[in-house]
Amino acid sequence: MSKLEVCVDSAESAMIAQEAGADCLEVCANLIIGGTTPGVSQFRQIREACSIGLNVLVRPRAGDFLYTDAEFRMIREDIQMFRELGADGIVAGCLRADGNLDICRMKELLRCADGLSFTLHRAFDVCRDPYQALEEAVSSGVDTILTSGQAADCMAGKEVLKKLMILADGRIEILVGGGVNAEVIRQMKEEIHADSFHMSGKRKMDSGMVYRKEGVSMGPAGVHEYEIYRTDGEEIRRAGRILRR
Numbered sequence: 210m211s212k213l214e215v216c217v218d219s220a221e222s223a224m225i226a227q228e229a230g231a232d233c234l235e236v237c238a239n240l241i242i243g244g245t246t247p248g249v250s251q252f253r254q255i256r257e258a259c260s261i262g263l264n265v266l267v268r269p270r271a272g273d274f275l276y277t278d279a280e281f282r283m284i285r286e287d288i289q290m291f292r293e294l295g296a297d298g299i300v301a302g303c304l305r306a307d308g309n310l311d312i313c314r315m316k317e318l319l320r321c322a323d324g325l326s327f328t329l330h331r332a333f334d335v336c337r338d339p340y341q342a343l344e345e346a347v348s349s350g351v352d353t354i355l356t357s358g359q360a361a362d363c364m365a366g367k368e369v370l371k372k373l374m375i376l377a378d379g380r381i382e383i384l385v386g387g388g389v390n391a392e393v394i395r396q397m398k399e400e401i402h403a404d405s406f407h408m409s410g411k412r413k414m415d416s417g418m419v420y421r422k423e424g425v426s427m428g429p430a431g432v433h434e435y436e437i438y439r440t441d442g443e444e445i446r447r448a449g450r451i452l453r454r
């Protein structure tokens with residue numbers, strides 16, 4: 210079966226994505242920096258508003274996936290909390306300093322998820338050996354790997370994705386992410402027969418602020434205080450039509 214997962218970081222985007230035909234959502238915060246763990250009230254609002262599956266990203270910060278003991282404790286506790294709040298799945302991942310999956314920690318996170326679906330996120334895309342990591346993920350009980358094929362976007366990682374899908378052989382889902390849009394879905398379906406995709410479909414909106422203080426930045430370079438990103442429903446509809454054609 211085909212699958213279109215939409216990544217959202219607001220209740221507004223979640224409702225737009227569901228109405229536009231998303232099969233499930235990845236719920237996070239701070240999409241502009243790659244996504245971090247969402248807030249409790251944010252998740253509750255989305256759970257109340259949406260009937261489709263909600264997979265929660267549990268990532269305590271931006272940056273690498275080598276976590277301190279304190280950060281790992283946060284991940285464990287957040288997984289347990291979102292399970293109790295009604296999440297359908299967890300999206301998480303840990304690496305060791307040598308670039309391999311941290312299998313011991315991954316197994317502990319799977320135990321915390323306690324029967325929820327579990328996606329290994331794009332920590333996979335910066336691991337040392339994707340084919341070894343796939344086998345380790347399968348043996349650990351991971352359900353899905355979200356990956357761009359260890360490239361900046363999935364089109365650049367197409368050949369690795371193709372090999373991963375062959376090696377997966379139905380044992381684990383390969384969820385294609387990184388630069389996904391309707392045209393990318395069309396090409397990936399035709400060229401490597403992919404049928405599971407992850408996208409944000411976000412568009413830039415202008416802030417409603419009339420007064421704007423210039424010269425004061427609240428974030429990193431390139432992040433503008435008076436720009437808001439939200440899911441574009443028509444982009445999700447186009448992607449869904451091509452996926453299910």
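Numbered per my numbering, the sequence shown spans residues 210 to 454.
Using N, Cα and C, we set each Cβ at its ideal position, and we do this for glycine too.
Where MET414 is concerned, there is no enclosing alpha helix (DSSP H), although the beta strand (DSSP E) around it starts and stops at 411-415. In this structure, the beta-carbon distance from THR356 to ILE225 does not fall below 7 Å. Less than 7 Å divides the Cβ of MET315 from the Cβ of CYS303. Remark: C-beta atoms of TYR435 and ARG454 do not approach each other more closely than 7 Å. With contacts defined as CB atoms closer than 7 Å, VAL267 and ILE242 fail to qualify as a contacting pair. Counting C-beta atoms within 10 angstroms of its own C-beta, ASP232 has 16 or more neighbours from the protein chains shown and is therefore classed as buried. Residue state for MET224 is assigned as helix, using DSSP reduced to three classes. GLY295 and ILE383 have their alpha carbons spaced roughly 24 Å apart.
Around the beta carbon of GLY308, fewer than 16 other beta carbons lie within 10 angstroms, which makes this residue exposed. Taken in chain order, the complete beta strand (DSSP E) segments of 3 or more residues contained in the region 287-323 are 298-301.
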